[in-house]
Structures are given as C-alpha cells and as structure tokens.
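Residue 18 is where the sequence shown starts when you use my numbering, and the numbers rise one by one after that.
Glycine included, every Cβ here is placed at the ideal spot set by N, Cα and C.
Here is the structure we will look at.
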Amino acid sequence: MSTFRGFELIAIIALTVLLSGCQSANGKKISTGNHCTSHSKGTVVFEPDSPVLKDIKVTTVKERKLEHLVEANAQLQPNANSVTRINPPIAGQVTSICANLGDSVRAGQLVATINSREVGVMIADLINEETEIDSALSRELLDLDYELKRLEAQVDLDSKRYERARLLMEEKIGSRATLETADTELKKNELIVQATCAKRVKLQNVADEKKRLARLALKQRLKVLGMTPEAVDKIIASKSIVNALPICTPQAGIVLERNVNDGELADPSKTLFVIDDIDNLWLVADIFEKDIKYISVGEDVDFVVDSFPDERFRARLDYVAGTINPDTRTLPVRCTVSNKGLKLKPKMFGRMRIHVAERLVPSIPRTAVQNIGARKVVYCAINKNTFKQKEVVLGQESGDFVEVVSGLNLNDPVVAEGTFKLRAQSAKLAHL
18 MSTFRGFELI
28 AIIALTVLLS
38 GCQSANGKKI
48 STGNHCTSHS
58 KGTVVFEPDS
68 PVLKDIKVTT
78 VKERKLEHLV
88 EANAQLQPNA
98 NSVTRINPPI
108 AGQVTSICAN
118 LGDSVRAGQL
128 VATINSREVG
138 VMIADLINEE
148 TEIDSALSRE
158 LLDLDYELKR
168 LEAQVDLDSK
178 RYERARLLME
188 EKIGSRATLE
198 TADTELKKNE
208 LIVQATCAKR
218 VKLQNVADEK
228 KRLARLALKQ
238 RLKVLGMTPE
248 AVDKIIASKS
258 IVNALPICTP
268 QAGIVLERNV
278 NDGELADPSK
288 TLFVIDDIDN
298 LWLVADIFEK
308 DIKYISVGED
318 VDFVVDSFPD
328 ERFRARLDYV
338 AGTINPDTRT
348 LPVRCTVSNK
358 GLKLKPKMFG
368 RMRIHVAERL
378 VPSIPRTAVQ
388 NIGARKVVYC
398 AINKNTFKQK
408 EVVLGQESGD
418 FVEVVSGLNL
428 NDPVVAEGTF
438 KLRAQSAKLA
448 HL
C-alpha cells in the first residue's frame, strides 16, 4: 500500500507540472501553458482552450439498481447438530484409550474401554439367575421323570392285562366286563403318560423362556451402556464375568477434544471425547441493527477466512435470530458451510458478505471518486471549464458503480473521467 501511495504522489506531482495556466486563491496568475485559474478554494477553472478539458468526461448522478451487500465479521464453528459428546454411561476406571486428538473415526469405532464393577455385577446376576432356573428345572424334571417311569410301567402292565382279557374273551372264557375294565385302565394311564410328557416339555419351555427374557433384559441394559448384542452373546456363552465396557463413537467425524487418560476414573458427568463431523460447519456472525431490515433466511452468502484471504467460499443464510443481543445491539445470523475437503477449520475468523435484493439508489461511477486521506471527494461540473470539489459519503459498491449516501443530489453533474488530473490541479493550487 505504501508503494502504491508513492507512485500516486509521483503521478500527482507530474500532472501538476504538466498542467499550466492556473491562478492561486489570492488572484495571482500562474504562468503555464495550459491556462488554468482558481477562483475559490476547491474550485478549478481552466481556460476554454485548455487541452486538459479533452480528457474530462462528465456524467450525472442517476438512480440505478445496485446489489446490496451486508458485511460482518464472522467465525466458523462446529455444527451443533453434528457434534457428539461421549460420556461413559456408568462409573468406572479407564483402562485403554483408542483415539487421539485430531483422529478421524468411523461410526461404531472403539475409542476407549472402562472397567466397571456394575457391568460385572449385571453379568454375574444373569449367570446366577440362569443357574437358579436350571436347578429348579432339574428338580422338577427329576420328579417328573420318576413319575413318568412309574406310569410307563403301569401302562405296560395294563397293556398285558388288556391283551390277556381279550384272549380270554375270544376263547369265551373271560367276561366282557373284565375286558372293558382293562381297556379303560390302559387308556387312562396312557393319557396320564401323555400329560406327564407334555408337562415335562412345558417346564422346559418355561425355563428356556425365563432365561431368554433374562438375557434379553441384560442385552438391553448393556446395549444402553454401549455393548453390542454379539458381545453379550459371547459373554453369556462363555459364562464368564467381564467388567470391561467398550466406549464407541455413534458417529463418524474428527476428534475435537480428548479429556481423559489411561487409569483415570470416569463417570456419566465427564465428557471423554468430543466428535464432530466437520464436513459441515456453521458460519456465525452478528449483524448491526441498521442492516437488519435487509436480512432474511435464504439469502446468498460469500465469505473469506483469514487463513485463505484469496479464496471466497459460498453458502446460504439458513438462520436469523428472533431477538437482538441487548448488549451489542446486533442480530445473530448463521449459515451452514459445506466442507467436503476439510479445508476449513472450526474457530477460523473471516468476513461474511450477505447478498440481499437489489435496491434503486443514487449512484455514480467508481471512477468519479478520489480518496484524499480519509475523505472521499468528487468534482462537480459548474460549466464546461469550471469544476468544484465536493466531499461525499458513499455506500455499497456494485460493479462499476457506487451508492451515494449524501453530498450529491440526483442529476448533479460529476466528472467520471479525468478526476485524477483535477485532484492533482487542486493539490497544486492548495500549496500556492
């Protein structure tokens, strides 16, 4: 910037040497070849035949539709909708850490293991419950099997009695009453055997259902704690008491925080890891009260970040707060930014531009404006060879034009080309 200002100063000095024929504010004629005089401060008057006039082009202040941009400082933040804080479901001691800060993790990946007595107690309770169910079933089946053997022996005896009575009946030696009694006893005891067998099957089924429900209850409890059903099945099959509880991440992303080390005690109130899917970030900003009237959800946004000042990223405004911050008198806004290449990082600072609807505003060409220190000035054409410097307040730039906020009225004639020469001449006259 300092080099540019140096060239600008040299150009101004060169132009002041080339421009001629000017008169200072005290009325003394400056003897040059281009015949320029100054009648009052800030006013430059050229002789009608001055060659400089050929390079000066005049336009007027006109209403134009300019795209309006609302700018604000912004910051990238993690998308709260995709941030996962991993806390242990129960208290225990951390026995292993499987993820570090900045690691990329997949959904379901193991990030830590804790040793918890509660897990061991749950598994031990299930094993004890199944043992009690099996013991009770064994006792009942033992009694039933004894009764079943007795009944089967009785059926065998009844069958022989029936067969003997039938043979005697055929030989016309026995009575029909004896045969029918033997048949009745045989069928009765056969039914009792069938009922006893069914009772035995029912007892087995009831015991199996009790164990299934007990295992299901344990699976549900351990699933809530983060253990997979397959892991529970393996534990149940081995009938081993395990205190280790795996801690897995429910989503893929990047480890933004790791707040635990091996051997530390952890409980549900402690966040062990923070995982964020930074494929999507939030860009947040605070809009000044004067610009709120232009802002609405759906507006196009572009922004730059300090880390990549030459690259412009794009998004769309998807949130506008319902209330103003009473302390800063600003309105929070937000947009979701796609970050597929993971180039952008949370906490980066930048500058947001919101593209709002076009407005019909007074405007002039950007070439009409000269910067003198902190002031912005234009040169109004009084007549064909007289120009007066005027300070203006400008608004939004759009393409080749800039909004005029104050200092000029519609249709005021202003110099669009050649302002640099007028500025140089004004600077020369100011020092006479």
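Look up residue i in the DSSP assignment and give the residues it is bridged to.
i      : result
GLY367 : ALA91 and VAL322
ARG102 : VAL291
ARG376 : LEU83
GLU188 : DSSP, once it has assigned bridges, lists no residue as partnering GLU188.
ARG217 : For ARG217, which the question treats as bridged, DSSP gives no partner whatsoever.
GLN110 : ASN132 and LEU282
ASN388 : LYS393
GLU274 : VAL291
GLU420 : SER380
PHE437 : Answer is none; PHE437 lacks a bridge partner.
ASP303 : PRO349
TYR179 : None, per the DSSP bridge assignment.
ILE264 : ALA129
With a cut-off of 8 Å on the beta carbons, I'd call residue i and residue j a contact; round off their distance for me.
i      : j      : result
VAL301 : PRO349 : 7 Å
ASP175 : ALA212 : In fact, because the Cβ distance is near 16 Å, the residues do not count as touching under 8 Å.
THR347 : GLU408 : Their Cβ separation, rounded to whole angstroms, is 29 Å, which puts THR347 and GLU408 out of contact at 8 Å.
ASP279 : SER133 : About 15 Å; that fails the 8 Å criterion.
VAL210 : LEU165 : 7 Å
LYS219 : ILE150 : Actually they are not in contact, since the Cβ atoms of LYS219 and ILE150 sit about 14 Å apart, beyond 8 Å.
To the nearest angstrom, report how far apart residue i and residue j are at their CA atoms.
i      : j      : result
ALA283 : GLU247 : 25 Å
ILE371 : VAL87  : 5 Å
GLY125 : GLY270 : 11 Å
GLU414 : ASN388 : 15 Å
VAL318 : LYS251 : 54 Å
VAL122 : GLN92  : 25 Å
GLN171 : ALA254 : 41 Å
GLU147 : LEU230 : 10 Å
VAL138 : LEU239 : 12 Å
MET244 : GLU316 : 45 Å
SER423 : GLN268 : 55 Å
LYS405 : ILE312 : 38 Å
ALA215 : THR266 : 49 Å
ALA116 : GLU281 : 15 Å
ALA433 : ASP327 : 30 Å
PRO285 : VAL223 : 38 Å
VAL78  : VAL410 : 14 Å
ASN206 : ARG167 : 10 Å
ARG217 : TYR163 : 12 Å
LYS189 : SER152 : 55 Å
ASN260 : GLU202 : 59 Å
One question on the structure: do residue i and residue j come within less than 8 Å of each other, judged by their Cβ atoms?
i      : j      : result
LEU298 : PRO95  : yes
ILE131 : ILE258 : no
HIS85  : ARG376 : yes
VAL249 : LEU235 : yes
LYS256 : ILE103 : no
VAL431 : THR60  : no
PHE320 : MET369 : yes
VAL277 : VAL111 : yes
VAL62  : ASN428 : no
VAL128 : ILE264 : yes
MET186 : ARG178 : no
GLN221 : LEU154 : yes
ASP296 : LYS357 : yes
In its own chain, which residues sit with a C-beta less than 6 Å from the C-beta of residue i, not counting the 5 before and 5 after it?
i      : result
VAL378 : LEU83 and GLU420
LEU273 : VAL291 and ASP293
VAL322 : MET365 and GLY367
THR195 : ALA182
THR20  : Low confidence applies to THR20: its pLDDT is 43, below 50, so where it sits in the model is not reliable, and the reading given next is rough at best. Counting only Cβ-Cβ distances below 6 Å, and skipping sequence neighbours, we find nothing.
ASP120 : VAL272
Only counting the same chain, and skipping five residues up and downstream in sequence, which positions put a Cβ closer than 7 Å to that of residue i?
i      : result
ASP335 : VAL314, ARG351, CYS352 and THR353
ASN43  : Note that ASN43 has pLDDT 41, beneath the 50 cutoff, so the model's placement of it is unreliable and no number is given.
ILE304 : VAL87, ALA89, ILE312, THR347, LEU348 and VAL350
LEU359 : ILE295
GLU169 : VAL210
ARG232 : LEU143 and ILE253
Among the residues of its own chain, which have a CB less than 8 Å from the CB of residue i, if the five just before and after it don't count?
i      : result
GLU135 : ILE107, ALA108 and GLY109
LEU436 : It is Thr, not Leu, that sits at residue 436 in the sequence shown. Closer than 8 Å at the Cβ level, and outside the excluded window around THR436, lie THR384, ALA385, VAL386, GLN387, VAL395 and TYR396.
PHE418 : ARG81, LEU83, SER380, ILE381, PRO382 and ARG383
THR288 : ARG102, ILE103, ASN104, GLU274 and ASN276
LEU70  : PHE63, LYS401 and ASN402
So does residue i have its beta carbon nearer than 7 Å to some heavy atom of the ligand FMN?
i      : result
VAL410 : As far as ligands go, the structure on display features none, and thus does not contain the ligand FMN.
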